[in-house]
Amino acid sequence: MISQILLQSTFIPTASARTTYITIGIIVVSILALVIGNIIGNGRKKATSGGGYPSTGTSGSAKPKPIKISKGKFRKSAKQIGLSSVQIKILEDLALKYKVASPALFITSPKVFNITMKKAIQDYDSGAYSSEVKENYKMLLFNVKQKLDKSSVKDKKIATSRQLAVGRTITITTPSGEKFNSHIVTNLKDYMCANIPMKQDGSMLRLNKWEPVKVSVPEKGDKGIFYDSKVAGYSTAKGIACIMLQHSNSIQASKQRNFPRKELGKSCYFFKINIVTLSEGKEVVRKAVIDDKAKGRLGSVIEISAGGCSIKSPNYLNRGELLRVDIDIEKKQTASVLGKIVNIRKVAPGTAIMHIQFTKMSKKNMNSINSYIYGISERSSILDY
Numbered sequence: 020m021i022s023q024i025l026l027q028s029t030f031i032p033t034a035s036a037r038t039t040y041i042t043i044g045i046i047v048v049s050i051l052a053l054v055i056g057n058i059i060g061n062g063r064k065k066a067t068s069g070g071g072y073p074s075t076g077t078s079g080s081a082k083p084k085p086i087k088i089s090k091g092k093f094r095k096s097a098k099q100i101g102l103s104s105v106q107i108k109i110l111e112d113l114a115l116k117y118k119v120a121s122p123a124l125f126i127t128s129p130k131v132f133n134i135t136m137k138k139a140i141q142d143y144d145s146g147a148y149s150s151e152v153k154e155n156y157k158m159l160l161f162n163v164k165q166k167l168d169k170s171s172v173k174d175k176k177i178a179t180s181r182q183l184a185v186g187r188t189i190t191i192t193t194p195s196g197e198k199f200n201s202h203i204v205t206n207l208k209d210y211m212c213a214n215i216p217m218k219q220d221g222s223m224l225r226l227n228k229w230e231p232v233k234v235s236v237p238e239k240g241d242k243g244i245f246y247d248s249k250v251a252g253y254s255t256a257k258g259i260a261c262i263m264l265q266h267s268n269s270i271q272a273s274k275q276r277n278f279p280r281k282e283l284g285k286s287c288y289f290f291k292i293n294i295v296t297l298s299e300g301k302e303v304v305r306k307a308v309i310d311d312k313a314k315g316r317l318g319s320v321i322e323i324s325a326g327g328c329s330i331k332s333p334n335y336l337n338r339g340e341l342l343r344v345d346i347d348i349e350k351k352q353t354a355s356v357l358g359k360i361v362n363i364r365k366v367a368p369g370t371a372i373m374h375i376q377f378t379k380m381s382k383k384n385m386n387s388i389n390s391y392i393y394g395i396s397e398r399s400s401i402l403d404y
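Each residue of the sequence shown is one higher than the last, beginning at 20 in the numbering used here.
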């Protein structure tokens, strides 16, 4: 604009006029410099994201830098959840070997530890280590896993049964203590509809209206919730015959077991252990004797954990009795464990489910059970939760 005015004018500038034009020129240049500076500044701001963290140079939003936690603070947190000095050192070594930003992530993010633990066990199994070293290391990792699971408190709280999603599996317990599995067909404002469970004789479960029941809902990682309800009636929803259950706002968390369980569904043989009294000189001692020559009783392992299992059999033993169980956890490998029957539940005439608490087993067998439960050799496992 200024140049156009100068070209159109026949006025010959004086010395003072020249000074004026020079001053104007300096002002214009300064304004342009400020405009260009603002443009560059805005461009730099757009190049950053995630609350001021620098861009990684890849497409999408930038990931924030990991929060740095001192070694002392990490160790203090680890001790608070019950980890020993050896277990803390293992987490630090795992973070270093597998390039995890901080061992503190193993505590705050269970999935990070799950992925890393799975890699570590697979690497040890394929490594040139002695059998004893492998089993000791795996047992340490499984113990750490169990402690981290117990310390995890990130589960979403459910305040009412109205929050339960359609399709969720539930267990209905009758006043007599019988348990029946079902699933939620639809969840309405005043009650939920679940498919009517089937009894052992093939008939549908029919309870009286307003009869009290207990509803339990299993969660991942061997957790769950339960609440008291009543039968509001029967109906049909989505073409399915349903039992209508009253809602509850008093939801309770079930006690987490010491060891997670997993369905097995494999046959097993179990042998009764007899306690005999023997005289050894002047002393009288009691010893456990297993009659290996006797034919083992056949059963089916329904669920198993590192702490016990449940076995269904028509040849069940009595509560309180001791036994040895031979289970094929892995192909061509039988795990023999000793246990005690802590409960019996009859499910049909002449058939019962024995709930067994393991009392003794080798490290190798315990690691085999844990490897099966956590799906160490599987692509999809409980570790992916």
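Backbone N, C-alpha and C define an ideal beta-carbon position, used for all residues, glycine too. Keep in mind it's a predicted model, so treat the numbers as computed, not measured.
Between the beta-carbon of residue i and the beta-carbon of residue j, is there less than 8 Å?
{"i": "V344", "j": "F278", "result": "no"}
{"i": "G327", "j": "L342", "result": "no"}
{"i": "S128", "j": "I88", "result": "no"}
{"i": "N162", "j": "Q99", "result": "no"}
{"i": "S254", "j": "C212", "result": "yes"}
{"i": "I126", "j": "L160", "result": "no"}
{"i": "I375", "j": "I388", "result": "no"}
{"i": "K218", "j": "V250", "result": "no"}
{"i": "L113", "j": "T135", "result": "yes"}
{"i": "D209", "j": "P231", "result": "no"}
{"i": "K157", "j": "Y143", "result": "yes"}
Start and end of the alpha helix (DSSP H) containing residue i?
{"i": "Y391", "result": "382-393"}
{"i": "S96", "result": "90-99"}
{"i": "M158", "result": "150-170"}
{"i": "I126", "result": "124-127"}
How many angstroms separate the CA atom of residue i from the CA atom of residue j?
{"i": "Y391", "j": "I348", "result": "7 Å"}
{"i": "D220", "j": "G101", "result": "49 Å"}
{"i": "F409", "j": "E302", "result": "The chain is shown from 20 up to 404; residue 409 falls before or after that span and cannot be answered."}
{"i": "A325", "j": "Q265", "result": "37 Å"}
{"i": "T353", "j": "I346", "result": "5 Å"}
{"i": "F199", "j": "K233", "result": "11 Å"}
{"i": "Q271", "j": "V152", "result": "42 Å"}
{"i": "S329", "j": "R316", "result": "15 Å"}
{"i": "I294", "j": "V304", "result": "10 Å"}
{"i": "K285", "j": "K331", "result": "10 Å"}
{"i": "K118", "j": "F132", "result": "12 Å"}
{"i": "V308", "j": "Y335", "result": "19 Å"}
{"i": "Q165", "j": "K291", "result": "31 Å"}
{"i": "N206", "j": "G394", "result": "33 Å"}
{"i": "G338", "j": "S201", "result": "First, the residue type needs correcting, since residue 338 is Arg and not Gly in the sequence shown. Cα to Cα, R338 sits roughly 29 Å from S201."}
{"i": "I215", "j": "R181", "result": "19 Å"}
{"i": "V185", "j": "K257", "result": "12 Å"}
{"i": "K306", "j": "E340", "result": "14 Å"}
{"i": "I262", "j": "I191", "result": "10 Å"}
{"i": "T179", "j": "G196", "result": "24 Å"}
{"i": "T296", "j": "T378", "result": "21 Å"}
{"i": "S170", "j": "P368", "result": "43 Å"}
{"i": "A123", "j": "K108", "result": "12 Å"}
Roughly how far, in whole angstroms, is the beta-carbon of residue i from the beta-carbon of residue j, given that I think they are within contact range, below 8 Å?
{"i": "V356", "j": "M373", "result": "In fact, because the Cβ distance is near 13 Å, the residues do not count as touching under 8 Å."}
{"i": "K383", "j": "E154", "result": "5 Å"}
{"i": "I203", "j": "L183", "result": "6 Å"}
{"i": "K281", "j": "I323", "result": "6 Å"}
{"i": "I177", "j": "S235", "result": "With 8 Å as the limit, I177 and S235 do not qualify as a contact, their Cβ atoms being about 12 Å apart."}
Helix, strand or coil: how does DSSP classify residue i here?
{"i": "S104", "result": "helix"}
{"i": "Y143", "result": "helix"}
{"i": "S235", "result": "strand"}
{"i": "Q182", "result": "helix"}
{"i": "N362", "result": "strand"}
{"i": "N206", "result": "strand"}
{"i": "A114", "result": "helix"}
{"i": "K138", "result": "helix"}
{"i": "K198", "result": "strand"}
{"i": "F289", "result": "strand"}
{"i": "W229", "result": "coil"}
{"i": "L297", "result": "strand"}
{"i": "N334", "result": "coil"}
{"i": "N133", "result": "helix"}
{"i": "I109", "result": "helix"}
{"i": "K379", "result": "strand"}
{"i": "D220", "result": "coil"}
{"i": "K257", "result": "coil"}
{"i": "R305", "result": "strand"}
{"i": "F278", "result": "coil"}
{"i": "V119", "result": "coil"}
{"i": "I270", "result": "coil"}
{"i": "A327", "result": "At residue 327 the sequence reads Gly, which differs from the Ala that was named. If DSSP states are grouped into helix, strand and coil, G327 belongs with the strands."}
Determine the extent of the beta strand (DSSP E) in which residue i is found, giving its start and end residues.
{"i": "I348", "result": "341-349"}
{"i": "H266", "result": "Where H266 is concerned, there is no enclosing beta strand (DSSP E), given that its DSSP letter is neither H nor E."}
{"i": "L317", "result": "316-323"}
{"i": "I191", "result": "188-192"}
If you measure from the CB of residue i, is any heavy atom of the ligand FAD nearer than 7 Å?
{"i": "L264", "result": "Ligands displayed in this structure: none; no statement on the ligand FAD is therefore possible."}
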